[in-house]
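Let me begin by presenting the structure, written as structure tokens, before commenting on it.
Protein chains in written order, with the working numbering: chain A, 1 to 113; chain B, 1001 to 1113.
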């Protein structure tokens, strides 16, 4: 199975494309930290059934990212914005005006993405 | 039909979820500026068939955005980054250090989105 962090991120972006049933079970695992046995009992399916459903959802969600790369695109943007924030902090310490030009440049790069 | 700008944006985000045939026809309309009759001839289908295919693709693509709101999320981010760029330009004119704090704040807001 995927790591919980990766699963949450994929779910956050593409979860709405799963069926309601898939979403309920997936959320119980990822966000409500329920065990497969607990979910199996709650949903009236076998433990193996829950396991298979999660793996299937993992594959579906990963498949969307493989096609669309929107998480990748978002993370790239956030990485650049993190750089901007660091540059403002460095400017406050150093007063180096080159840093402001750098911020302007990174902003333009993001806008053109 | 949707406007070309909206169609391109939707296609840019979600086009990979269409079939290859749908993509070919959609691209001919949106990016290659071909007429429905030209495409009909090229694809060996009726003009009405091309028209219906485009409308169906419009609906599919708009349906993804309705569920995922990822274009909306991206545009919100770009709007904030545009503000950052404007603030750097204003700083270069005014030297007002409050503007730098504002940039730092907006960066943090984007990172927490």
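Note that beta-carbon positions come from the ideal geometry of N, C-alpha and C, so glycine has one too. This one's a predicted model, so the numbers in the text were calculated from it and none came from an experiment.
- Which value, in whole angstroms, describes the spacing of the CA atoms of residue 1014 (chain B) and residue 1006 (chain B)? Here residue 1014 (chain B) corresponds to residue number 14 of the second chain, with the count starting at 1. Here residue 1006 (chain B) corresponds to residue number 6 of the second chain, with the count starting at 1. Residue 1014 (chain B) and residue 1006 (chain B) have their C-alpha atoms some 12 Å from each other.
- Which residues in the same chain as residue 113 (chain A) place their Cβ atom closer than 6 Å to its Cβ, once the five residues preceding and following it in sequence are excluded? For the purposes of this step, residue 113 (chain A) is taken as residue 113 along the first chain, with counting starting at 1. Counting only Cβ-Cβ distances below 6 Å, and skipping sequence neighbours, we find nothing.
- Item | Alpha carbon of residue 33 (chain A) to alpha carbon of residue 22 (chain A), nearest angstrom | Sequence index remark: in the first chain, residue 33 (chain A) carries index 33 (1-based). Sequence index remark: in the first chain, residue 22 (chain A) carries index 22 (1-based). If I take the Cα positions, the gap works out to 15 Å.
- Message: Beta-carbon within less than 8 Å of residue 1102 (chain B)'s beta-carbon, same chain only, minus the 5 sequence neighbours each way: which residues are those?
- Response: Within the second chain, the letter at position 102 stands for residue 1102 (chain B). Taking residue 1102 (chain B) as the centre and dropping the five residues before and after it, the same chain places the C-beta of 1087 closer than 8 Å to its C-beta, in chain order.
- Message: So if I threshold CB-CB distances at 8 Å, which residues from the region 1014-1035 of chain B count as touching chain A?
- Response: Under the 8 Å Cβ criterion, the region 1014-1035 of chain B contributes 1014, 1016, 1017.
- Query: What in chain B is Cβ-close to residue 61 (chain A), meaning under 8 Å?
  - Reply: Looking up residue 61 (chain A) in the first chain gives position 61. Neighbours of residue 61 (chain A) on chain B: none; closest Cβ ~12 Å, over 8 Å.
- Message: Suppose you measure from the CA of residue 76 (chain A) to the CA of residue 106 (chain A); what does that come to, to the nearest Å?
- Response: Numbered from its first residue, the first chain carries residue 76 (chain A) at position 76. Numbered from its first residue, the first chain carries residue 106 (chain A) at position 106. Those two C-alpha atoms are separated by around 12 Å.
- Item | Residue environment, residue 97 (chain A), which counts as buried when at least 16 other CB atoms sit within 10 Å | Here residue 97 (chain A) corresponds to residue number 97 of the first chain, with the count starting at 1. Exposed is the call here.
- Partner residues on chain A for residue 1054 (chain B), Cβ-Cβ distance less than 8 Å: Reading the second chain from its first residue, position 54 is the one you call residue 1054 (chain B). Within chain A, no residue has its CB atom less than 8 Å from the CB of residue 1054 (chain B), the nearest being about 21 Å off.
- Query: Where does the unbroken alpha helix (DSSP H) through residue 1051 (chain B) begin, and where does it stop?
  - Reply: Taking the first residue of the second chain as 1, we reach residue 1051 (chain B) at position 51. For residue 1051 (chain B), the enclosing alpha helix (DSSP H) starts and ends at 1047-1068.
- Message: Between residue 1078 (chain B) and chain A, is any beta-carbon pair separated by less than 8 Å?
- Response: Mapped onto the second chain, residue 1078 (chain B) falls at position 78. Closer than 8 Å to some Cβ of chain A, the Cβ of residue 1078 (chain B) qualifies, so yes.
- Per-residue contacts from residue 1037 (chain B) into chain A (C-beta, under 8 Å): Numbered from 1 along the second chain, position 37 holds the residue referred to as residue 1037 (chain B). Close partners of residue 1037 (chain B) in chain A (Cβ separation under 8 Å) are lacking, with about 31 Å as the shortest Cβ gap.
- Element boundaries [alpha helix (DSSP H), containing residue 9 (chain A)]: On the first chain, position 9 is the one that residue 9 (chain A) refers to. Looking at the DSSP string, the run of the alpha helix (DSSP H) that includes residue 9 (chain A) is 4-14.
- Message: Do residue 1004 (chain B) and residue 1045 (chain B) count as a contact pair if the criterion is CB distance below 8 Å?
- Response: Counting from 1 along the second chain, the entry for residue 1045 (chain B) is found at position 45. Counting from 1 along the second chain, the entry for residue 1004 (chain B) is found at position 4. Not a contact, by the Cβ cut-off of 8 Å.
- Task: Could you tell me whether the Cβ of residue 1067 (chain B) comes closer than 8 Å to any Cβ of chain A?
- Result: As a first step, residue 1067 (chain B) is located in the second chain; it is residue number 67 there, counting from the start. Output row for residue 1067 (chain B): interface = yes.
- Task: Answer yes or no: does any C-beta atom of chain A fall closer than 8 Å to that of residue 1094 (chain B)?
- Result: As a first step, residue 1094 (chain B) must be located in the second chain, where it is residue number 94. For residue 1094 (chain B), the answer is no, since every Cβ of chain A falls outside 8 Å of its Cβ.
- Query: Do you know how far the Cα of residue 1111 (chain B) is from the Cα of residue 1090 (chain B)?
  - Reply: Here residue 1090 (chain B) corresponds to residue number 90 of the second chain, with the count starting at 1. Here residue 1111 (chain B) corresponds to residue number 111 of the second chain, with the count starting at 1. Between the alpha carbons of residue 1090 (chain B) and residue 1111 (chain B) lies a gap of roughly 23 Å.
- Taking 8 Å as the CB-CB limit, is residue 1005 (chain B) close to chain A? Indexing the second chain from 1 puts residue 1005 (chain B) at position 5. No, residue 1005 (chain B) does not count as interfacial toward chain A.
- Run through the region 1062-1111 of chain B for me and flag every whole alpha helix (DSSP H) of 4 or more residues, listed as ranges in chain order. For the region 1062-1111 of chain B, whole alpha helix (DSSP H) runs of length 4 or above, ordered along the chain, are 1070-1094.
- Would you mind sorting residue 1056 (chain B) into buried or exposed? The rule is 16 or more other CB atoms within 10 Å of its CB. Taking the second chain and counting its residues from 1, the one referred to as residue 1056 (chain B) is at position 56. Classification for residue 1056 (chain B): exposed.
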